[in-house]
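What follows is one structure encoded as structure tokens, with my remarks underneath.
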Amino acid sequence: MANTNPSTSGDTTNRDSPVDIDPIPDPTMPCDNPENSIWTPKELAVLQSHVQAYRGVPRKEKSHYIASHVAPQVKACWGSRYSKENTAKDKAAKEQWAKKKHQIWTWFKNHATTKRRLRIPGFNISVTFDSVVMVEKKAEIEKLITEMTDALPGHPGWIRFYQRAKKQIKDELTEDERKAYEEKVEEWKRDGVPRDVQANNAYKYGSKIIHETEEAKFRSMNMRTMGMECHYDKEGRMRWSSFDTQRLQLDAPNIPSFSVYNKPLFKELRIGWIEYTKNIAKIERGEEVAAAAPTTFDRRDLTYHPNGLPKVPGPVLNSKGFETAIMQQAIIRYFYRAHYGLAKKSAKQVPYSKMRGPGAVWTEFVQETDFPPGIEFKDPASYHAHETQRILSLWRQREERGELVFRFLCVHDKDGITEAKYPSKAFDGFHIPAAPAAVSASVEIPAPASESDDPDFQTKHIEDLSENEQAVAAAEPPAPATELPPGAASESEESAAPAPVRPYGRRKRNALDTEDTTQLATPVHSNRPTSSPPPASRQLRPRLQNDHTHQPANAKKKTAKSKKGR
1 MANTNPSTSG DTTNRDSPVD IDPIPDPTMP CDNPENSIWT PKELAVLQSH
51 VQAYRGVPRK EKSHYIASHV APQVKACWGS RYSKENTAKD KAAKEQWAKK
101 KHQIWTWFKN HATTKRRLRI PGFNISVTFD SVVMVEKKAE IEKLITEMTD
151 ALPGHPGWIR FYQRAKKQIK DELTEDERKA YEEKVEEWKR DGVPRDVQAN
201 NAYKYGSKII HETEEAKFRS MNMRTMGMEC HYDKEGRMRW SSFDTQRLQL
251 DAPNIPSFSV YNKPLFKELR IGWIEYTKNI AKIERGEEVA AAAPTTFDRR
301 DLTYHPNGLP KVPGPVLNSK GFETAIMQQA IIRYFYRAHY GLAKKSAKQV
351 PYSKMRGPGA VWTEFVQETD FPPGIEFKDP ASYHAHETQR ILSLWRQREE
401 RGELVFRFLC VHDKDGITEA KYPSKAFDGF HIPAAPAAVS ASVEIPAPAS
451 ESDDPDFQTK HIEDLSENEQ AVAAAEPPAP ATELPPGAAS ESEESAAPAP
501 VRPYGRRKRN ALDTEDTTQL ATPVHSNRPT SSPPPASRQL RPRLQNDHTH
551 QPANAKKKTA KSKKGR
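Going by UniProt numbering, the sequence shown opens with residue 1, and the numbers climb by one from there.
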């Protein structure tokens, strides 16, 4: 008997060799897209052109559509390679075509399948020809039902005649009506059902859909949700509602709802949601809506000079016309970060803890003149509202005058503290303000004049007083000069010295403070006369250790009882 097995008969080709199996290899495809590696550009164009049509074909007819429309066009891309005559002669070509047909099925399954809709009991509405007839012929269907039965609308006796009446009305449709309704089916699938149908569905199924979907998420995935929705009622008015897992009675009774747990935030979110949906309604009507005020500031909101330095952003106001402290902190933070990235090259964060930590001096990294008096360089989150406002006010004034707003002197590197490495032309075109150390020591700065040095001060002062006060001031003798201890300064000399600028807020002492704290315990000498002692009626008598005049009468008895109890 002759051996008919092709693998053991005269077929001696090596099936592991790709050259023998595929004598015409596919064209080379780009390696960065593995999806297209098995398809030529012509084949891929054919497959993509049939995606929309494939989705509209019923499930039972999809295989016939691929076999009759897609496969012949893919086969035509190869000429006569996969023709019947060639595949009958060449067994390898026949196997290749069988493999390619399977790949066509796989491609459409991965790229052209329709998304599965969540099936909810009681709400399995999909746009079909019957659903269009039920909306367009609603009055005719209800009129026909009233002729069939005397039951009221909505009664079970009335509902059982609905399908019969709908079928009768559908059979009486003309060809033009059928064609128009088929076009509406495609339109509703693409753009959604009309507004009145949506309102009716929301009235009938809205709350049930929310409950069913939230229950499915919570029971199967333990997903808790807080949401807000807006819809139109049958009269065209907007309606709002909110829900969460607890208010839907799905969660444990001892777990509070979000509206109870954080009532102020929930109220703010609800107000914002209502305002947002009202603006959407205006946009749908074609009205112009003002742009919403920004709520955050990100690094992408920064703008830069041609030389690469960041610009100081202008005021970023909220809906009420104010620039909040949080917004100002964000502006300063990203402004610091942009400068530090230029100074260190590819730095993502500013190491505030290293610049402000033990043994570190912040003036080593930045210039003191880049900040208002009394404000130091630190993490922007630590700034108060008045500090951020003063910093941005100074920087924006410098920006308008074309001055250099800010720069880092040193940065933290692997080797420790190193000099900032800005680009070579980063500061071109800017006027750099002089640092305090650049002021010459030979220049004498006049001390502020005292009010007592002005000869017209007494006259000006008396002119501002009333008549009675002028008489008292004229009759008051000058204060006698008192002798001062050696080394003590007079009051006029103390007033002539400029008062030190005190930073805002309370200053925390740390290990870097070298001030001698023992000076705080020494008395302060002053040439001012001490005030007269209070009257005897207001003086408190010193309380001696054995003085029992202020103790209650039964104090000794209680003490004796307590000792006896011990």
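We put the CB at the ideal spot given by N, CA and C, even for glycine. Source: prediction; values computed, not measured.
- If you look at E229, you'll find it in the beta strand (DSSP E) that goes 226-232.
- Classified as exposed, W240 has fewer than 16 neighbouring CB atoms from the shown chains inside 10 Å of its CB.
- When the beta-carbon positions are compared, L394 and F430 stay at least 8 Å from each other.
- One thing to note: A165 has its Cβ within 8 Å of the Cβ of I141.
- Between the alpha carbons of A420 and A281 lies a gap of roughly 53 Å.
- DSSP, reduced to helix, strand and coil, places T418 within a strand of the structure shown.
- Taking the Cβ atoms as the reference, T388 lies roughly 6 Å from Q329, within the contact range of under 8 Å.
- In this structure, the CA atom of Q48 is about 26 Å from the CA atom of S126.
- In this structure, L317 keeps its C-beta atom at 8 Å or more from the C-beta atom of A426.
- DSSP, read as helix, strand or coil, puts Y304 in strand.
- Fully contained in the region 25-101 are the following alpha helix (DSSP H) runs of length 4 or more, in chain order: 41-49, 51-56, 62-65, 71-76, 84-89.
- Per DSSP, the unbroken alpha helix (DSSP H) holding F258 starts and ends at 258-261.
- The three-state reading of DSSP puts V411 in strand, counting E and B together.
- As DSSP reads the structure, R239 sits in a beta bridge with H231.
- Contact between the region 86-94 and the region 149-167 is absent, with fewer than three C-beta pairs closer than 8 Å.
- Runs of alpha helix (DSSP H) with 4 or more residues, each lying fully within the region 158-209, are found at 162-171, 175-191, listed in chain order.
- Here DSSP, grouped into helix, strand and coil, assigns D298 to coil.
- Per DSSP, reduced to three states, the secondary structure at D130 is helical.
- One Cα belongs to S63, the other to V46, and the distance between them is close to 16 Å.
- In the same chain as W97, and ignoring 5 residues on each side of it, the C-beta atoms closer than 7 Å to its own belong to Y82, T87, in chain order.
- For the 8 Å CB-CB criterion, T225 and D251 do not form a contact.
- Note that the C-beta distance between I332 and I271 is not below 8 Å.
- DSSP places T388 inside the alpha helix (DSSP H), whose first and last residues are 385-401.
- Burial of H339 is indicated by the presence of at least 16 other C-beta atoms within 10 angstroms of its C-beta.
- A residue is called buried once 16 or more other Cβ atoms fall within 10 Å of its Cβ, and D370 is buried on that count.
- In this structure, E214 lies away from K311, with their beta-carbon atoms at least 8 Å apart.
- Per DSSP, S353 is one residue of the alpha helix (DSSP H) stretching across 352-356.
- In the structure shown, D370 falls within a helical segment according to DSSP collapsed to helix, strand and coil.
- Per DSSP, reduced to three states, the secondary structure at P156 is helical.
- A check of alpha carbon separations from S346 across S353, L152, R337 identifies R337 as the nearest.
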